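Asker:
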Amino acid sequence: MSNNPRKRREALVYHAKPKPGKIEVVPTKKYATQRDLSLAYSPGVAEPCLEIEKDKENAYKYTTKGNLVAVISNGTAVLGLGDIGPEASKPVMEGKGLLFKIFADIDVFDIEVDTKDVDKFIETVKNIAPTFGGINLEDIKAPEAFEIEKRLKAELDIPVMHDDQHGTAIISAAALLNALELAKKKMEKVKIVISGAGAAAVSCTKLYKAFGAKAENIIMTDSKGVIRKDRPNLSEEKIEFATSRKIDTLEEAMKDADVFVGLSIADIVSPEMLKSMAKRPIVFAMANPNPEIDYQLAMDTRKDIIMATGRSDHPNQVNNVLGFPFIFRGALDVRATKINEEMKMAAVKALAEMAKEPVPEQVNIAYGETRLNFGSDYIIPKPFDPRLIAKVPPAVARAAMESGVARQPIQDWDRYEEELLERMGSDNKITRLLLNRAKMNPKRIVFAEADHLDVLKAAQIVHDEGIAIPILLGRRKLIEELMAEIDFHEEVAIIDPKSDEEEEHRKAYAQVYWKTRNRSGVTLYDAEKLMRERNYFAAMMVNEGDADGLLSGYSRAYPAVVKPMLELIGMAPGVTRVAATNLMNTSRGPLFISDTSINIDPPAKDLAKIAQMTARTVQLFGLEPVVAMMSYANFGSSKDPRATKVKEAVSYLHRNHPELNVDGELQADFALNREMLQNKFPFSKLAGKKVNTLIYPNLDSANSTYKLIKELNKVDSIGPIMMGMRRPVHILQLGASVEEIVNMTAVTVVDAQEKEKKQKK
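Residue numbers (the working numbering): 59 to 819.
See below:
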């Protein structure tokens, strides 16, 4: 809950517009003709009904049951809000459904049940269970949550998991295994202190015991202090972890402890308590948003500490999204009758092992790391790691098979892994990676048209999210009025290039510009006059190091903005032609399209250079470029100069850059359909590969293609991304949306980060 009125309003608008809620049902079959409808409903629908009547297992064959999970709550323990009721819990349940979909491609119906009666709740879930392949219990208060999960697991034949209990347990257990390995300690010997005795704390402790922790070495505390055997009226769950030791406080429990696991409240661990722990202490302070001890304070107090929190802005985030989507994915894919201890332990081991493997460059880039390596600051995988979908579900599925709860065992594990990776093409993961990377090292970005409301809204978002440090260019009075209108009250730089107070800057910039252009017909008077223009002023800010990058183009035609950028910024060393690419977040994964904005009809050699620049841009996003050179012809099927130009470009690339995965000329369907390409042109360098980059022979085809994809499929687009410029400058599409401007700001920041790295080399 935010105390900031603007943040509150933004959250409400996000959930209300453009239509209420965060998830929807989308048809998966054709429905255009009467024939389609007669198959979808009456009379054709009777046939699968009869097949399911013969064998209930056929529901998995003919309906969505096998990929459908219910997220069910009664709203009695919602986040940090407490018992707010079933209706008020619905936004959270929809959010959980969104996470299931984007991380593991699992469909969700959220179900809010209006009862606190355990028997009635269980009866309701049992009655609707035939609809679903799995049940995710959510935000149900303890101790009722324990009984509800226990009984439903026993009485249903589909996977049931209360994520509040087991999610944190699974992720923290993986982190603990690795932390113990780094600390050179054994699970069966370490002394563990658990702060908190709720559902998550109990589940964590049980799982640690399953991995070897000894009951006599565990101390659990709650709001009353240490849970001791001689305390009256203990619940069944607390009795299991009650100690015989004659201690009463957390401070006493921490003395000589090897491990502290916090699932309680902020700031209850003092530096003195931390100092009293054993050598190489392991501290998981997971209270959110503020941990049991501040991360930096803990790191300053003990140099030998291995620490994890629940926060994304510190190393080792214990994030449930590493677990529940992938655990259910594996359980659903083998039609498991339950999620048992073996499956949870398999997930733990898979996560722990993954942290020890080489990290994909895409993840290093996203987190601004040169190279993430297994160690104190990396004991658990990152949520954005694309390997999760291919690592955790197979481990869970195998455990289900080996423990005898799988009804449909997997036969071809390689094929299964391919299917899992294919499922991840539909989300906007690459955008999240981009934004996360920008936040790692935000740069000063000039918004050259900050006196437009949408541009200012975007600047506000990037400021609030830590994506960039905005510099607002435009008419000061208008900018300040608009800022007041949208509650943008934070301190940011506002510059009006035409104002008297900027005269000194204008003259200094004009002198520099005139010296570079005085032999091209530009007078000092001309230069001073041009510096009153926002794009010239902004470009000089970047040139002179007063800003790290700039964005413009929201209100002006693309060519009008490109001209001053080429004049003032110029091309990078060795570049003979700039170009632009657009990243499309399609259902098949990210797709780069070039050149979408600048080169009208480039000759063969320039086309090859555009392909090279685009490939480098693709690598900037942590992807391996697989490049198709587009045409209306396939591999020499036309001798027309428009087709042979593409062939010449490919020939140039094959001769001079054999390391690049590029081929053509190719028609779009062959480029994007691996099977077609493999069958028809098995000799191609792209045969059997998934193309992620399309280079078009002219501006007409590239620009039209990207805009068609964007409009027809409502695909998110990031771009145009300028390639080949000396400094980080990017030009927006006319009338770009707030979201597009935010994404392009992140691109500009990342561009600045990369150029800074090159300068340091």
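Glycine included, every Cβ here is placed at the ideal spot set by N, Cα and C.
From a predicted model like this one, the values you see are computed outputs, not experimental measurements.
Short check: CB of valine 152 to CB of isoleucine 250, under 7 Å?
Answerer: For clarity, residue 152 is glutamate in the given sequence; the question names valine instead. Result no, Cβ atoms of glutamate 152 and isoleucine 250 do not sit closer than 7 Å.
Asker: Can you give me the C-alpha to C-alpha distance between serine 100 and proline 444, rounded to a whole angstrom?
Answerer: Approximately 42 Å between the Cα atoms of the pair.
Asker: Have a look at serine 578 and glycine 433 and give me their C-alpha separation to the nearest angstrom.
Answerer: For serine 578 and glycine 433, the distance between alpha carbons rounds to 57 Å.
Asker: Could you work out which residue in Thr581, Ala128 and Asn601 is closest to aspartate 221 when comparing CA atoms only?
Answerer: If we check each option's Cα against that of aspartate 221, Ala128 comes out closest.
Asker: Just reading off the beta strand (DSSP E) that alanine 637 is part of, what are its end residues?
Answerer: Element bounds for alanine 637: 637-644.
Asker: In this structure, does DSSP put phenylalanine 167 in helix, strand or coil?
Answerer: In this structure, phenylalanine 167 counts as strand in the three-state DSSP scheme.
Asker: If alanine 592 and leucine 665 are in contact, beta carbons under 8 Å, what's the gap, nearest whole angstrom?
Answerer: For clarity, residue 592 is arginine in the given sequence; the question names alanine instead. No, arginine 592 and leucine 665 are not in contact; Cβ-Cβ is about 34 Å, not under 8 Å.
Asker: Taking just the CA atoms, how far does tyrosine 72 sit from proline 648?
Answerer: Rounded to whole angstroms, proline 648 to tyrosine 72 spans 25 Å at the Cα level.
Asker: On the criterion of 16 or more Cβ atoms from any shown chain inside 10 Å, does phenylalanine 595 qualify as buried, or is it exposed?
Answerer: Phenylalanine 595 comes out buried.
Asker: Could you check where the alpha helix (DSSP H) with methionine 802 kicks off and where it finishes?
Answerer: Counting along the chain, the alpha helix (DSSP H) containing methionine 802 begins and ends at 796-818.
Asker: Could you compute how far the alpha carbon of aspartate 509 sits from the alpha carbon of methionine 629?
Answerer: If you take the alpha carbons of aspartate 509 and methionine 629, they lie about 29 Å apart.
Asker: If I follow the unbroken beta strand (DSSP E) through histidine 788, where does it start and stop?
Answerer: Looking at the DSSP string, the run of the beta strand (DSSP E) that includes histidine 788 is 787-789.
Asker: List the whole-angstrom C-beta distance separating alanine 760 from isoleucine 651, where the pair is believed to meet the contact cut-off of C-beta under 8 Å.
Answerer: That belief holds up - the Cβ atoms of alanine 760 and isoleucine 651 are roughly 6 Å apart, short of 8 Å.
Asker: Within 10 Å of its beta-carbon, does isoleucine 323 have 16 or more other beta-carbons around it, so buried, or fewer, so exposed?
Answerer: Exposed, by the Cβ-count rule.
Asker: Buried or exposed, going by whether 16 or more other CB atoms sit within 10 Å of the CB of threonine 763?
Answerer: Threonine 763 is buried by the Cβ-count criterion.
Asker: Using 7 Å as the threshold, is the C-beta distance between valine 504 and isoleucine 529 below it?
Answerer: A contact, by the Cβ cut-off of 7 Å.
Asker: How should glutamate 196 be labelled, buried or exposed, when 16 other C-beta atoms within 10 angstroms of its C-beta is the threshold for buried?
Answerer: Buried.
Asker: Which residues in the same chain have their Cβ closer than 6 Å to the Cβ of alanine 516, if we skip the five residues on either side of it in sequence?
Answerer: Closer than 6 Å at the Cβ level, and outside the excluded window around alanine 516, lie Val796, Ile799 and Val800.
Asker: Is it true that the CB of alanine 458 sits closer than 7 Å to the CB of valine 392?
Answerer: Closer than 7 Å, so yes.
Asker: Relative to the C-alpha of methionine 335, which candidate in Ala273, Val317, Met599 and Ile164 has its C-alpha closest?
Answerer: Of the listed residues, the one whose Cα sits closest to methionine 335 is Val317.
Asker: Kindly confirm or deny that the region 369-381 and the region 465-480 touch, where touching means at least three C-beta pairs closer than 8 Å.
Answerer: Judged by Cβ distances under 8 Å, the region 369-381 makes no contact with the region 465-480, as fewer than three pairs qualify.
Asker: Indicate whether methionine 344 and leucine 321 have their beta-carbon atoms separated by less than 7 Å.
Answerer: Yes, the pair counts as a contact, with Cβ atoms nearer than the cut-off.
Asker: Does the Cβ-Cβ distance between arginine 502 and isoleucine 519 come in under 7 Å?
Answerer: It is not a contact, given that the beta carbons lie outside the stated cut-off.
Asker: Let me confirm a value: histidine 547 is counted as buried when at least 16 other C-beta atoms fall within 10 Å, else exposed. Which label applies?
Answerer: Histidine 547 is exposed by the Cβ-count criterion.
Asker: What separation, rounded to the nearest whole angstrom, lies between the Cα atoms of lysine 573 and alanine 605?
Answerer: Lysine 573 and alanine 605: Cα-Cα distance of roughly 21 Å.
Asker: Pick from Met219, Pro329, Asp727 and Glu419: whose alpha carbon is nearest that of methionine 401?
Answerer: Methionine 401 has its Cα closest to that of Met219, out of Met219, Pro329, Asp727 and Glu419.
Asker: Would the beta-carbon of leucine 479 fall within 7 Å of that of alanine 448?
Answerer: Yes, the Cβ-Cβ distance between leucine 479 and alanine 448 is below 7 Å.
Asker: Is it true that the CB of alanine 496 sits closer than 7 Å to the CB of valine 807?
Answerer: Yes.
Asker: If we cut at 7 Å on Cβ distances, does lysine 208 have a partner in chain D?
Answerer: This model lacks chain D altogether, as it is built from one protein chain only.
Asker: Report the three-state DSSP secondary structure of alanine 258 (helix, strand or coil).
Answerer: Here alanine 258 sits in helix by DSSP.
Asker: Got a sec? Which residues, its chain only, sit under 7 Å from alanine 98 by beta carbon, not counting five neighbours each side?
Answerer: Contacts found: Lys87 and Tyr89.
Asker: Could you compute how far the alpha carbon of isoleucine 776 sits from the alpha carbon of methionine 642?
Answerer: Roughly 7 Å between the two C-alpha positions.
Asker: Between the region 674-681 and the region 705-724, do three or more beta carbon pairs fall short of 8 Å?
Answerer: The region 674-681, when compared against the region 705-724, does not touch it at the 8 Å Cβ threshold.
Asker: Would you identify the three-state DSSP class for threonine 581, choosing helix, strand or coil?
Answerer: Coil, per DSSP.
Asker: What are the start and end residues of each continuous beta strand (DSSP E) run of 3 or more residues lying completely inside the region 301-330, in chain order?
Answerer: List check, beta strand (DSSP E) in window: 317-320.
Asker: Below 8 Å on the Cβ atoms is my contact criterion, and I expect alanine 187 with leucine 214 to pass it. Report the Cβ-Cβ distance as a whole number of Å.
Answerer: Right, the Cβ-Cβ distance comes to about 5 Å (below 8 Å), so this counts as a contact.
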